[in-house]
Amino acid sequence: MNDLLPAQAARYRRLVECVSAVLARYGYSELRTPVLERTELFVRTIGEVTDIVEKEMYTFRDELNGESLTLRPEGTAACVRAAIEHNLLYGTPQRLWYEGPMFRHERPQKGRYRQFHQVGCEAIGFAGPDIDAEQIVLCARLWRELGLTDISLELNSLGDAATRAAHRGRLVAYLEQHRDLLDEDALRRLHTNPLRILDTKNPAMQQMVAGAPKLVDMLDAESAAHFDGLRARLADAGVAFTLNPRLVRGLDYYNRTVFEWVTTRLGAQGTICAGGRYDGLVEQLGGRAAPACGFAMGLERILALIEGSTALREAPLPAAYVVHQGDAAARFAVEVAEGLRDRGHAVVVHGGGGKFAAQMKRADASGARYALIVGESELAERKVSLKPLRIPGEQQLLAPDAVAALLDEQH
Numbered sequence: 033m034n035d036l037l038p039a040q041a042a043r044y045r046r047l048v049e050c051v052s053a054v055l056a057r058y059g060y061s062e063l064r065t066p067v068l069e070r071t072e073l074f075v076r077t078i079g080e081v082t083d084i085v086e087k088e089m090y091t092f093r094d095e096l097n098g099e100s101l102t103l104r105p106e107g108t109a110a111c112v113r114a115a116i117e118h119n120l121l122y123g124t125p126q127r128l129w130y131e132g133p134m135f136r137h138e139r140p141q142k143g144r145y146r147q148f149h150q151v152g153c154e155a156i157g158f159a160g161p162d163i164d165a166e167q168i169v170l171c172a173r174l175w176r177e178l179g180l181t182d183i184s185l186e187l188n189s190l191g192d193a194a195t196r197a198a199h200r201g202r203l204v205a206y207l208e209q210h211r212d213l214l215d216e217d218a219l220r221r222l223h224t225n226p227l228r229i230l231d232t233k234n235p236a237m238q239q240m241v242a243g244a245p246k247l248v249d250m251l252d253a254e255s256a257a258h259f260d261g262l263r264a265r266l267a268d269a270g271v272a273f274t275l276n277p278r279l280v281r282g283l284d285y286y287n288r289t290v291f292e293w294v295t296t297r298l299g300a301q302g303t304i305c306a307g308g309r310y311d312g313l314v315e316q317l318g319g320r321a322a323p324a325c326g327f328a329m330g331l332e333r334i335l336a337l338i339e340g341s342t343a344l345r346e347a348p349l350p351a352a353y354v355v356h357q358g359d360a361a362a363r364f365a366v367e368v369a370e371g372l373r374d375r376g377h378a379v380v381v382h383g384g385g386g387k388f389a390a391q392m393k394r395a396d397a398s399g400a401r402y403a404l405i406v407g408e409s410e411l412a413e414r415k416v417s418l419k420p421l422r423i424p425g426e427q428q429l430l431a432p433d434a435v436a437a438l439l440d441e442q443h
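For what it's worth, this note's numbering labels the leading residue of the sequence shown as 33, then goes sequentially.
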């Protein structure tokens with residue numbers, strides 16, 4: 033887990049602002065859920081034999097009431113739980129998004145954090161491929177606005193439950209035939225979650241896995257039509273993709289569409305955004321059956337991609353830095369600064385005393401356009417000396433209202 037220092041936190045905030053602005057253009061509303069949920073929520077939805085549930089969740093027993101609680105490892109289950117609990121799904125479909133920390137006991141390596149941050153997006157109550165396409169096109173728009181060009185889309189379909197069951201049987205039989213090539217992780221998953229073996233990163237298994245039966249070749253008629261509809265809409269939108277039959281996602285609740293946005297710039301942790309359709313999850317959690325589709329993006333990974341980029345608008349620097357000498361001048365400096373803040377201007381008042389020369393160095397280092405100086409003569413007239421720091425101009429003595437008018441004009 034890591035700290036976000038002021039400069040990093042500012043970039044994080046601006047990224048979230050950029051993402052939320054794009055989501056608002058597509059009609060998504062923000063939802064906030066607790067970071068703690070009952071453990072059974074994630075066991076039921078993610079799957080008991082997934083890596084997340086088996087070895088990555090931060091789970092503990094609440095000594096006050098004996099409940100097993102878990103720091104959320106992902107956001108979809110909590111979002112759907114909240115939508116059901118608060119009756120959001122009655123009468124109208126919902127487009128929802130959320131942002132915040134998630135927690136997984138990951139191995140420390142580049143691009144992985146045990147507390148990481150995601151923006152998630154869920155559309156609940158929409159059955160057609162149009163919403164799958166909408167979310168993918170939304171992501172493509174966001175990458176353009178962030179100036180990211182080296183991101184590609186991988187796409188697959190997992191079909192329905194009957195298709196996955198038939199494929200599972202053929203896949204297990206195929207893997208049993210190549211048992212001598214399976215590593216320890218694959219052997220553990222062989223009869224519990226064989227689909228995840230297709231996503232192995234083990235170089236020694238790549239050729240064998242490439243020859244495994246492909247789920248996309250066995251799709252039922254409805255899933256095939258849905259997938260064809262999605263691909264047609266992506267073609268209409270000019271969004272290129274690669275069909276990846278080994279793309280399965282690591283959570284049990286997915287069906288039909290699954291997708292990932294990937295990059296080669298982050299090494300092994302190349303997925304920056306992933307999602308898909310989960311039509312059975314609402315009913316599984318006790319709600320009225322409703323189709324759904326969503327995705328989540330890792331904010332740390334996106335920030336790593338845009339490191340040094342000017343795509344994120346820089347935070348505005350202070351308009352003015354107020355230097356002052358003496359107690360009465362300090363109090364007048366605060367009065368002037370508050371008046372300017374009332375007008376929407378960022379103003380820093382020097383703190384800690386010191387000579388004017390040292391204060392002026394602080395003013396220059398702050399990046400402010402102007403230094404406002406309050407000495408004995410200024411205090412006597414209840415005015416301030418305005419000294420330009422970033423633009424040409426002469427120092428001038430002005431009343432606070434005149435300073436405000438000048439800053440208003442430049443705002």
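Where is the CB? At the ideal position from N, CA and C, for every residue including glycine.
These numbers were taken from a predicted model, which means no experiment stands behind them.
Name the residue from the options whose alpha carbon lies nearest to the alpha carbon of residue i.
i           : options            : result
residue 366 : 411, 95, 291, 324  : 411
residue 423 : 52, 352, 114, 374  : 352
residue 112 : 90, 266, 129, 38   : 129
residue 350 : 57, 413, 376       : 376
residue 66  : 194, 291, 233, 133 : 133
residue 292 : 310, 240, 58, 171  : 171
residue 268 : 162, 240, 210      : 162
residue 180 : 385, 258, 164, 294 : 294
residue 58  : 167, 304, 200, 384 : 167
residue 103 : 38, 95, 147        : 147
residue 360 : 202, 96, 73, 385   : 385
residue 320 : 157, 254, 56, 73   : 157
residue 307 : 278, 290, 364      : 290
residue 121 : 327, 322, 389, 373 : 322
residue 258 : 62, 402, 160, 387  : 160
residue 388 : 278, 355, 314      : 355
Within its chain, find whatever has a CB closer than 6 Å to the CB of residue i; leave out the 5 residues flanking it on each side and keep chain order.
i           : result
residue 48  : 131
residue 276 : 186, 188
residue 136 : 88, 105
residue 380 : 350, 353, 398
Return the chain-ordered list of same chain residues with a C-beta closer than 8 Å to the C-beta of residue i, the five sequence neighbours on each side being excluded.
i           : result
residue 451 : Nothing about residue 451 can be read from this structure; the chain reaches only from 33 to 443.
residue 75  : 85
residue 415 : 429, 430, 431, 432
residue 344 : 43, 46, 47, 50, 178, 338
residue 304 : 183, 293, 294, 295, 298, 329, 330, 333, 334, 337
residue 302 : 294, 295, 296
residue 213 : 236, 237, 240
residue 372 : 351, 352, 379, 432, 435, 436, 439
Please confirm whether residue i and residue j have their CB atoms less than 8 Å apart.
i           : j           : result
residue 427 : residue 439 : no
residue 335 : residue 44  : yes
residue 324 : residue 154 : yes
residue 169 : residue 228 : no
residue 190 : residue 287 : yes
residue 138 : residue 110 : no
residue 262 : residue 192 : no
residue 91  : residue 100 : yes
residue 77  : residue 316 : yes
Can you list, in chain order, the residues of its chain with a C-beta nearer than 7 Å to that of residue i? Leave out the 5 residues immediately preceding and following it.
i           : result
residue 413 : none
residue 174 : 51, 54
residue 318 : 116
Notebook entry, point to check: Counting pairs of Cβ atoms below 8 Å between the region 265-275 and the region 220-227, do you hit three or more?
Noted result: no
Next item on the list: Check whether the region 244-263 touches the region 203-210, taking contact to mean three or more Cβ pairs, one atom from each stretch, closer than 8 Å.
Entry: yes
Checklist line | the region 354-372 touching the region 390-407, judged by at least three CB pairs closer than 8 Å | finding: yes
Item checked: Uninterrupted alpha helix (DSSP H) stretches inside the region 302-330 (no shorter than 4 residues) -> 313-316
Next item on the list: Enumerate, from N- to C-terminal direction, the unbroken alpha helix (DSSP H) stretches of 4 or more residues contained entirely within the region 392-430.
Entry: 408-413
Checklist line | Complete alpha helix (DSSP H) runs within the region 135-196 (minimum length 4 residues, chain order) | finding: 161-177
Note to self: Report the start-end ranges of each beta strand (DSSP E) in the region 48-128 that is 3 residues or longer and not cut off at the edges.
What the structure shows: 68-70, 91-93, 100-103
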